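A.B. asks: I have a structure I would like to understand better, so I am pasting it below and will then ask my questions one at a time.
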Amino acid sequence: MASGILGTASSALLSFQRALATTGHNIANVNTDGFSRQRVDLSTQTPNSSGAGFIGNGVKIDGVQRSYDDFLERELRSSIGARDSSRTYAEFASVVDNLLADPNSGLSPALQNFFDSIQQVADDPTAIPARELMLSEAESLVASFRHIDGELDGLRERIGIEFRNQVSEINDLADSIASLNEDIALAFGSGTGQPPNDLLDQRDQLVLKLSEKIGVTTLEQSDHTLNVYIGNGQPLVVGQKAGSLSVQRNSLDSQQLDIGFSFGGGGSSLITDKISGGSLGGIIEFRKQVLDPSQNRLGQIAVSLAEAFNAQHRVGQDLDGNPGSSLPDFFAVTDPNDQVFSNLTNAGSSSLNVAFDTATIDQLTADEFRLSYNGGTWTLENLTSGATDTITPGTTFTGYGLDIDLSVTGTAVDGDSYLLRPTRQGGNDIAANITNPREIAAAAPVRIDAAAGAAGIPSNTGSGQFSSGVVTGTLPSLPITLTYDDATNTFTDGGSISFGYDPTTQSGATFTSADTGISGLEFTISGTPDNNDQFVISANSGGGGDNRNALALAGLQTDRTMNNATASFQDSYGQMIADVGVKTRRAQTLATTQGNLANQAQARHDAVSAVNLDEEAAELLRWQQAYQAAAQVVTISDTIFQTLLQATGR
């Protein structure tokens with residue numbers, strides 16, 4: 000009986016000692032990231048059979064298990080990945096939002112100051128100080144475009160740095176997970192059948208850190224290794240092997256960095272568009288949804304402003320009587336060919352020329368395009384809307400405010416493609432060309448007057464009047480004398496020009512080139528001319544005080560010259576600010592929400608797995624009391640044994 004008691008007590012001492020050690024291990028790791036509290040599983044040993052029945056034989060240790068819930072672990076990874084993705088997106092988007100909406104360095108005040116200065120020239124066209132101010136404000140406007148574009152380029156460079164840092168950390172984590180997979184497989188295969196709890200915790204913590212960088216899914220294998228997948232199923236870790244991410248230049252655009260993936264020494268494939276979740280996914284989403292569209296739209300505004308302003312300036316006349324068409328363009332415009340990228344894998348022989356179509360510049364978009372060749376057809380795809388157009392080599396395709404000329408000198412090969420980003424560099428490339436204030440074409444190059452008699456006095460007897468006229472394009476040879484015939488209600492120059500004017504129904508109407516046949520000029524006619532009244536359209540010699548073209552230039556501020564003639568420059572920029580602002584507010588709200596969800600997931604996870612010192616203190620006391628009781632049983636067993644020895648006389 001003594002040996003039975005001693006064996007039972009000894010098994011209890013050993014079991015409770017292991018339980019005390021495990022509780023101490025929990026307490027020691029209360030601040031260890033990823034540690035799951037452990038517990039000792041005990042069960043009764045096989046009892047001894049006797050005539051009196053089965054006699055208990057003590058306790059045994061079945062194993063040490065960690066408090067772990069696979070569902071809660073997966074939920075935590077997912078919520079952490081979503082939180083860090085939205086936080087990163089919101090952080091970067093806030094930078095763009097603040098940049099565009101800045102009341103001092105944003106584009107809005109620069110646009111307003113520039114057009115205010117044009118109005119001052121219109122108020123006093125001969126004043127050199129007003130003209131100098133206009134040139135100065137033009138330089139300031141250009142500087143604002145370039146400042147904003149430069150800041151956006153700075154963000155693009157920062158993204159490149161983040162790509163490299165994140166990829167390096169992801170690869171390190173993948174290697175560490177693969178290494179732990181090996182250790183865990185060996186531990187499970189050692190014959191004990193017991194889980195290596197601390198190694199499992201370390202692996203779970205690495206996967207959790209990985210989910211902060213990139214969205215992951217996991218699958219445990221029969222040998223207890225953990226496969227880790229990213230993107231839409233790319234195997235980052237398989238058993239004891241790890242794949243590798245890399246930062247690569249896009250095959251279509253060497254200026255853009257992408258994420259490549261390779262595994263087992265195979266070739267690398269781009270997976271940028273497949274990545275979501277984690278801080279890397281947030282950066283990629285920010286670049287796609289905010290940075291690229293913002294830089295394209297800034298360039299669109301710069302190009303539209305420059306082209307519209309240049310077109311109006313060309314039809315004016317400077318202070319020395321020089322036509323605007325003979326002067327330098329007021330603004331330099333980006334060359335869209337600089338943002339045409341040939342795919343590095345192109346095998347055919349073709350070339351592409353892209354130009355802005357000044358006649359349809361109001362249709363210019365901030366969209367990007369892909370021109371690709373397949374099955375004998377060149378297809379232009381709008382990467383924003385998905386719309387497609389077919390382009391025939393040797394012809395000019397006009398659309399989206401662009402003229403596209405495609406030339407194939409040899410043979411095109413299926414898969415050949417080009418990437419077009421016509422407005423990407425617009426904000427950086429805009430420049431003010433005119434430096435001489437006298438070259439501002441504030442005047443109109445023509446005037447329309449009633450014909451004068453021999454004494455220089457107007458000879459017309461009717462009440463008909465012409466406005467001074469607005470130049471809209473290339474003018475015909477001047478002067479032109481128009482004579483009114485009241486019998487037919489027509490004006491004619493005695494040659495090819497003849498158009499109707501009925502004073503009773505058309506007084507105050509504006510006549511365009513299409514109405515009159517006089518190219519490049521529109522004007523308003525009012526009143527009732529008498530028969531044979533004449534009006535002379537002539538060059539505006541000595542028109543230094545004329546402000547008609549300055550007024551037309553100032554009017555561009557509110558003219559709807561963008562987005563299919565639905566928005567002004569200021570409208571378009573305001574919409575750009577609003578769009579970025581909405582995306583930023585949405586991202587900030589989502590970041591807050593995802594942060595709360597992650598905190599809740601962490602709390603649920605910790606309720607199961609985290610060490611609670613109060614609970615461990617109670618466990619420590621419980622096991623200590625049990626150990627002391629078992630020790631007392633040993634003492635009693637010894638006393639019984641000694642009594643037995645004395646009774647036998649030994």
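With the first letter of the sequence shown counted as 1, position 395 gets the number 394 in numbering that gives the first Met the number 0; the numbers rise by one all the way through. All C-beta atoms in this analysis are idealised placements derived from N, C-alpha and C, irrespective of residue type, glycine included. The structure displayed is predicted, hence computed values, not measured ones.
Identify every run of the beta strand (DSSP E) within the segment 227-271, keeping only runs that are complete inside it and at least 3 residues long; order them along the chain.
C.D. replies: Listed in chain order, they are 233-237, 243-248 and 256-261.
A.B. asks: Please classify Gln624: is it buried, with 16 or more other beta-carbons within 10 angstroms of its beta-carbon, or exposed?
C.D. replies: exposed
A.B. asks: CB-CB under 6 Å to Ile4, same chain, minus the five flanking residues each way: which ones, in chain order?
C.D. replies: Ser636
A.B. asks: Who pairs with Trp377 in a beta bridge, going by DSSP?
C.D. replies: Tyr372 and Ile390
A.B. asks: Beta-carbon within less than 7 Å of Pro475's beta-carbon, same chain only, minus the 5 sequence neighbours each way: which residues are those?
C.D. replies: Ile517 and Ser518
A.B. asks: I need the straight-line Cα distance from Ala597 to Asn373, nearest angstrom please.
C.D. replies: 47 Å
A.B. asks: Rounded to whole angstroms, what is the Cα-Cα separation between Leu643 and Thr634?
C.D. replies: 14 Å
A.B. asks: From Arg17 to Gly57, what distance separates their C-alpha atoms?
C.D. replies: 15 Å
A.B. asks: In whole angstroms, what separates the C-alpha of Gly425 from that of Val332?
C.D. replies: 7 Å
A.B. asks: Skipping 5 residues on each side, what residues in its chain have a beta carbon closer than 8 Å to that of Asp317?
C.D. replies: Gly323, Leu326, Arg437, Glu438, Ile439, Ala440, Ala441 and Ala442
A.B. asks: Can you look up Ile447 in the DSSP assignment and give me helix, strand or coil?
C.D. replies: strand
A.B. asks: Quickly, what does DSSP pair Val469 with across the bridge? List them, please.
C.D. replies: Glu521
A.B. asks: Spell out the partners DSSP gives Gly398 in its beta bridges.
C.D. replies: Leu401
A.B. asks: For Ile176 versus Leu205, is the C-beta spacing smaller than 8 Å?
C.D. replies: yes
A.B. asks: Once the 5 residues before and after Asp532 are set aside, which same chain residues still bring their CB inside 7 Å of it?
C.D. replies: Asn459, Thr460, Gly461, Gly463 and Tyr483
A.B. asks: Taking a contact to mean a Cβ-Cβ separation below 8 Å, would you say Thr422 touches Gln299 in this structure?
C.D. replies: yes
A.B. asks: Please report the distance separating the alpha-carbon of Arg65 from that of Gly232.
C.D. replies: 30 Å
A.B. asks: Is the beta carbon of Ile390 sitting closer than 8 Å to the one on Leu401?
C.D. replies: no
A.B. asks: From what residue to what residue does the alpha helix (DSSP H) around Ala513 run?
C.D. replies: Ser512 to Thr515
A.B. asks: Quick check on the DSSP output: the beta strand (DSSP E) that includes Leu550 runs from which residue to which?
C.D. replies: No beta strand (DSSP E) holds Leu550; the alpha helix (DSSP H) holding it covers Arg547 to Gly554.
A.B. asks: With a threshold of 6 Å on Cβ separation, who are the neighbours of Gln119 within its own chain once the five nearest residues in sequence on each side are excluded?
C.D. replies: Ala129
A.B. asks: Give the DSSP bridge partners of Lys212, in chain order.
C.D. replies: None; Lys212 has no bridge partner.
A.B. asks: When you compare only the Cα positions, how much space is there between Ser10 and Asn226?
C.D. replies: 40 Å
A.B. asks: Starting from Ile635, follow the alpha helix (DSSP H) in both directions and report where the run begins and ends.
C.D. replies: Leu612 to Ala646
A.B. asks: Would Ile117 and Met133 be called neighbours here (beta carbons separated by less than 8 Å)?
C.D. replies: yes
A.B. asks: Using the Cβ count rule (16 or more neighbours within 10 Å means buried), how would you classify Met0?
C.D. replies: Bear in mind that the predicted position of Met0 carries a pLDDT of just 38, short of 50, making it too unreliable to give a figure here.
A.B. asks: Can you tell me whether Glu211 is buried or exposed? The criterion is at least 16 other CB atoms within 10 Å of its CB, across all chains shown.
C.D. replies: buried
A.B. asks: If we count the other Cβ atoms within 10 Å of its Cβ and call it buried at 16 or more, is Gln682 buried or exposed?
C.D. replies: This structure leaves residue 682 out entirely; the chain is present only between 0 and 649.
A.B. asks: Does any heavy atom of the ligand MG sit closer than 7 Å to the C-beta of Gly52?
C.D. replies: With respect to the ligand MG, the structure shown offers nothing to examine, as it has no ligands at all.
A.B. asks: State buried or exposed for Pro292, treating a residue as buried only when at least 16 other CB atoms are found within 10 Å of its CB.
C.D. replies: Buried: at least 16 other Cβ atoms inside 10 Å.
A.B. asks: In angstroms with no decimal places, state the Cα-to-Cα distance between Ile258 and Glu219.
C.D. replies: 26 Å
A.B. asks: For Val246, I'd like the list of residues in its chain whose CB is within less than 8 Å of its CB, leaving aside the five on either flank, ordered along the chain.
C.D. replies: So the list reads Gly159, Phe162, Arg163, Val166, Leu256, Asp257, Ile258 and Gly259, once near-sequence residues are dropped.
A.B. asks: Where does Pro457 sit, in a helix, a strand or coil, going by DSSP?
C.D. replies: strand
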